[in-house]
Structures are given as C-alpha cells and as structure tokens.
Amino acid sequence: MNSLHLQRAFTTLLAAGVLAQPLAAGAQAAGDMTPPAQALPSLGDAGDMTPLLERKLGDAIARELLRDADYLDDAILGEYVDGIWHALLAGARARGELPADLDEGFAWRVMLGRDATINAFALPGGYLGLHTALIGVVRTRDELASVLAHELSHITQRHIARMLGRQSRQTPLIVAAILAGLVAGASNPQAGTALVMGGQAVGIQQQLNYSRDMEREADRIGLAIATQAGFRPEGFAAMFETLQNAQRLMDNGDWPYLRSHPLTTQRIADMRQREKINAPAVALPPDLQALLMAARARVLSRPGVDTLHAWANAPDSANFATLALPQRAAVLYAGALAQAQLRDLPKAERSAAALAGLVASDASAARQARLLQAELAILAGAPQRALQWLPAAASGGRGKAAAARDPQGSQQGRAELLLRAMAQTATGHARDAATALQVWISDHPLDAAAWQQLAAACNAQGQTLRALRAEGEAQVAQMDLQGAIDRFRAAQDHARQHPGNRADLIEASIIDARLRTVQEALRQQKQDEAQLP
Ligand SMILES: [Zn+2]
1 MNSLHLQRAF
11 TTLLAAGVLA
21 QPLAAGAQAA
31 GDMTPPAQAL
41 PSLGDAGDMT
51 PLLERKLGDA
61 IARELLRDAD
71 YLDDAILGEY
81 VDGIWHALLA
91 GARARGELPA
101 DLDEGFAWRV
111 MLGRDATINA
121 FALPGGYLGL
131 HTALIGVVRT
141 RDELASVLAH
151 ELSHITQRHI
161 ARMLGRQSRQ
171 TPLIVAAILA
181 GLVAGASNPQ
191 AGTALVMGGQ
201 AVGIQQQLNY
211 SRDMEREADR
221 IGLAIATQAG
231 FRPEGFAAMF
241 ETLQNAQRLM
251 DNGDWPYLRS
261 HPLTTQRIAD
271 MRQREKINAP
281 AVALPPDLQA
291 LLMAARARVL
301 SRPGVDTLHA
311 WANAPDSANF
321 ATLALPQRAA
331 VLYAGALAQA
341 QLRDLPKAER
351 SAAALAGLVA
361 SDASAARQAR
371 LLQAELAILA
381 GAPQRALQWL
391 PAAASGGRGK
401 AAAARDPQGS
411 QQGRAELLLR
421 AMAQTATGHA
431 RDAATALQVW
441 ISDHPLDAAA
451 WQQLAAACNA
461 QGQTLRALRA
471 EGEAQVAQMD
481 LQGAIDRFRA
491 AQDHARQHPG
501 NRADLIEASI
511 IDARLRTVQE
521 ALRQQKQDEA
531 QLP
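In our numbering, the protein residues as written are 1 to 533.
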C-alpha cells in the first residue's frame, strides 16, 4: 500500500460515513464541491468531534501508515522537512493560531511516504502525510513551507473534525475502525481503486473535500503563519507556479494534490492580492539546500531503474557544463545517490566530492554535501572514512537546545547524530555512539530510528538487555504496542536466564515498569476499539 491508497481509503471512508446515514442533500453538480448550505456548520464549529477523539482517529491511521512499506524514515530528508514544520508550528503559536489543547493534544508529526504522486494531506489528530514527489518538485524552502502551512491550517482550524463531525456525528469511532480496516486492506491497490470507483462513492467524495471556504481560510491563515515563521510570502505564488510547471512536464495523471487544490485563477488572484504582488510572479533566489533535498526526494521516490540510470549518467552528459550552478549541484546530488543505488559506490563518492567542491560557499548546502559523503562512505563499507565528515558534536552543542538555536541544522543535527552513531558502532566505538544517542533520546523519546541505532550500539557492546529494551522502545515509537510488549517480555526472559550485575538489575526494573505502562496503553487502545457495536 502507498499513501496515495491511504488517501483514497480516507476519502472512501468519509464516503462510508455518509452512506451510514441517508444523504441529506442530492448529488451536487460535478465540479461544485461546496456542500449544501444546511449541512455546513459555521466556520469555527468543530461539530461533535473532540480533539481527543480526533487524535485517536489520527493514531489509528498513523499506526497503519507506520507499517506501510512506503513509509520513509530518512534522517536527512526528515530533518529538512521537520525543520520547516517546527518553524511553522512556532509561527502558528506566535500568532495564536494554535490553541493550547490542540498544541498539547495533537501529534504534530509529518509522515513521509515514498510516492511518485505529488501530494500532501492533513490527517486527523495533527498528522500530516507528505509524498517524496512533492518535495521533489520544490525549488525553495519557502515553497515547501507554503504547502505545509496550508495543510497545517486545515488542522488548526479543525476542518477535518468539522467534516467528520458532520458526517458521522453518532459514532466517530466507527470511522476509525473502517478507516483502519480500509488502510490495512488497501495493500491490494485494485481493491482501493475499486472502492473509490464505485459510482456512488465518486459523487459523494466530491462533497467531502474541504469546502471552498475552508480552502480559502487555509490559504489565508497559512500565508500568515508562514510569514510569521520567517518564510517569504512569495513562496505561495511560486509554489503554484512550480506545480503548474511540473504538471506540464510530467503529465502522468498523478495529481491528487492539484485535484484537491485546483489552481483556479480565483485562488491565484486571491493569493497575489494578499501578497500585494501586482507584477507577475517574483522569482525567489535559488535555494541550494532545497534543490539538493528535492534531488534526494526524487531518487527516494523509487523512480525505476531506467530513470536511475539517466540520473546516474547526467553528470557526464554534454550539457552538464552549460547548466547554472544550482542545477549542476542538483544533478550531482541526484547522480551520486542514483549511482549508489545502482551499486557504483566509487563513482557515487566522486560525484559527492564534486558536489562538495561546488557548494562549499553555501553553509546549508555544504552540510548536505558532507552528509551525503558520510552516507555514501558507510554504504561503501568505509565507516572510518564517514567519520571525517561527521566530527563529534562540540561540547555544549548537543541535544535539543542546539537544534533549536539552529533550525536549519547547519552544523549538528539528527542526521549527523544517526550517521555518526552508525559509523562509530561499525568502528569499535559503540560506547560513544550509545552515550550520544542516550542524550538525544532523553529529549526525543519517540525517535524510533535513534532507539534502533541505540539497540545496535548496545548489541555491539554485548549489552543484550539494554538492546532488547531499546528495541521495545523503538516499537513504542512506531506505535506498535504489541511488538513493544513482545520485546520487553523477551528482555525479561533474558534477565531471568542471565542474572547480571547491578546495572542489569536496574535495567530489568525499568523494563518491568515499561512493560506495565505499555500493557495499560494497549488495553486502553483495545477498549477504544471495543466501543464499536
Ligand atoms: Zn487545502
């Protein structure tokens, strides 16, 4: 299943919610997505769906997404997107657009999906789905911020709650169950398509998109939030233009984002007016880091082996030298990553070195080039070499505080931490890796990849009990509570069979407590599900 199917499932689910009760109004004329007036609550009324219920619904979806083969936990891309997302959240907070109950109660988590369709969609409970292909067409951070800010506003304005509350006021948890079932069953793409293609569902789906008022509100508030967060307002118009260009270039019909967010002349005119731009679209200066991350996202979208070959060969092509510097940098990044995927690591490392030379004067891009070099060295089985691009964090420069001071993470971020831990573990310095990861995890207890890396570092030191606990915590972070319980139980068995030293005794008592906590959480989760008739 991919996240496109998730979205199909989501819209189908909404349709199912409607089908449970007779449609109040007849089918709307095709193309008119405005719900009938009597069914439209006034903006600001979130219906009967409480934030808690919406979060539970979101969790049910997120649990399925995290198990999806196309879910992508990429340290480099994830950190780049999270940097923009957290800046927007801070902007929303500063503008009073993020009520305290939502701020604390929602997940505020971006989930990346490897997907060749250009899409971004808000999910219930503060989750946001973002396809790699959308990142792949973006030219500046401001453009990506415009899409994220728009979707963020759908969440903060409770647009999803309003739609769901309207459709299934009586039994919102039915919605969660149907959705979870649909998502789980959608591993057969044909099944998902068939559900959506049912004639009735198509008609209903049109009414279940956000209303035009909601879209206008998301554009307006999104722009204010992005501007507050320090992004250039021109990013909105630029993103419209990017989408239009990309649509012209890659007309493969996979445009769910444009289907749900048509670039009507009205919408563009509204936005231009808000930006007070009367002239044609203002070109933003090149953003090297955004171009490199777009290149990475394109390669990670599983473009197929022919495309990989084309990208791998592009740095050698005749017209490479004629390109402007930003384009050459993007070609080199995509080339290096594509060459690595095609198992030509020496060539990949040469491309990455050429990239590093080209972008040396741009701090953010130079950092991305270093991270790429480190990643490729690890892939090439040379972790020692990787460490030269991953100098140890300066004292005092560790953890959350450093990341907050440096939202772009131009020096040290999660990506360095994870790559360095991997390289250290592979070169006999697992103890240093474990120490750094432990510090990070105390600030980021839901970082599954960090827990997973900690488990590897513990195993490398023969600390089986600690490793099993870390594996259990990684499962908790992935929202797989049963999986976590299994790991914690395995840890208890190990502790019984290998009565250890004092450190192990302390670890064992922590594991006992964690097991009880997670068992209780799973009981609660099942109880929520059991509320269904
Ligand atoms: Zn929207």
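Quick reminder that beta carbons are idealized off the backbone N, C-alpha and C, glycines included.
{"query": "Reduced DSSP category for Gly472 - H, G, I as helix; E, B as strand; rest coil", "result": "helix"}
{"query": "Cα-Cα separation, Ala133 to Leu77", "result": "12 Å"}
{"query": "Touch test, the region 300–318 against the region 330–345, Cβ-Cβ under 8 Å, three pairs minimum", "result": "yes"}
{"query": "Inter-residue spacing [alpha-carbon to alpha-carbon] between Ala495 and Leu515", "result": "14 Å"}
{"query": "Sheet register partners of Arg109 (DSSP bridge)", "result": "Tyr127"}
{"query": "Any non-hydrogen atom of ligand 1 within 7 Å of His131 CB", "result": "no"}
{"query": "Same chain only: Cβ atoms within 6 Å of Thr427, ignoring 5 sequence neighbours per side", "result": "Pro383, Gln384"}
{"query": "Straight-line gap, Val202 to Pro51 (C-alpha atoms, nearest Å)", "result": "Note that Val202 scores 34 on pLDDT, short of 50, meaning its location in the model is unreliable; the coordinates nonetheless yield the value given after this. So the alpha carbons of these two residues sit roughly 28 Å apart."}
{"query": "Three-state secondary structure assigned by DSSP to Leu102", "result": "helix"}
{"query": "Extent of the continuous alpha helix (DSSP H) run through Tyr210", "result": "Looking at the DSSP string, Tyr210 is not in any alpha helix (DSSP H), and its letter there is neither H nor E."}
{"query": "Nearest candidate by alpha-carbon position, reference Pro124, set Glu97, His154, Ser509", "result": "His154"}
{"query": "Residue environment, Gly357, which counts as buried when at least 16 other CB atoms sit within 10 Å", "result": "exposed"}
{"query": "Rounded separation between Ala287 and Arg141 - CA only", "result": "Looking at the sequence shown, residue 287 is not Ala but Asp. Looking at the two C-alpha atoms, the distance is approximately 7 Å."}
{"query": "Between the CA atoms of Lys56 and Glu520 - distance to the nearest angstrom", "result": "16 Å"}
{"query": "Bridge partner(s) assigned by DSSP for Leu72", "result": "Leu112"}
{"query": "Rounded distance between the beta-carbons of Leu342 and His309, thought under 8 Å", "result": "7 Å"}
{"query": "Within 6 Å of ligand 1: residues by beta-carbon to any heavy atom", "result": "His150, His154, Tyr210, Glu215, Ala218, His261"}
{"query": "Contact the region 65–80 vs the region 293–300: 3+ CB pairs below 8 Å", "result": "yes"}
{"query": "Contact belief for Pro233 with Leu223 at Cβ below 8 Å, rounded distance in angstroms", "result": "6 Å"}
{"query": "Reduced DSSP secondary structure (H/G/I, E/B, other) of Phe240", "result": "helix"}
{"query": "Counted within 10 angstroms of its Cβ, other Cβ atoms place Pro445 as buried (16 or more) or exposed", "result": "exposed"}
{"query": "Among Gly483, Phe231, Ala366, Leu300, the one whose alpha carbon lies nearest that of Leu89", "result": "Phe231"}
{"query": "Sequence-distant residues of the same chain with beta carbon closer than 7 Å to Lys526, five excluded per side", "result": "none"}
{"query": "Spatial neighbours of Val138 in its chain, beta-carbon cut-off 7 Å, leaving aside the 5 residues before and after", "result": "Leu144, Thr242, Ala290, Ala294"}
{"query": "Short Cβ contact (8 Å threshold) for Ala107 with Gly126", "result": "yes"}
{"query": "Through-space distance from Ile135 to Asp115, alpha-carbon basis", "result": "10 Å"}
{"query": "Every unbroken alpha helix (DSSP H) inside the region 471–505 [4 residues or more]", "result": "481–497"}
{"query": "Inter-residue Cα distance where the pair is Leu522 and Met479", "result": "10 Å"}
{"query": "Cβ separation of Leu484 and Ala470, assumed to be a contact under 8 Å, to the nearest whole Å", "result": "Contrary to the premise, residue 484 reads as Ala rather than Leu in this sequence. Not really, about 11 Å apart at Cβ, beyond 8 Å."}
{"query": "Residues that Ala120 bridges to, as DSSP identifies them", "result": "Leu130"}
{"query": "Gln373 beta carbon less than 8 Å from that of Ala352", "result": "yes"}
{"query": "Distance, Ala62 Cα to Thr227 Cα", "result": "29 Å"}
{"query": "Residue range of the alpha helix (DSSP H) that includes Trp451", "result": "448–460"}
{"query": "Straight-line Cα distance separating Ala269 from Ala448", "result": "43 Å"}
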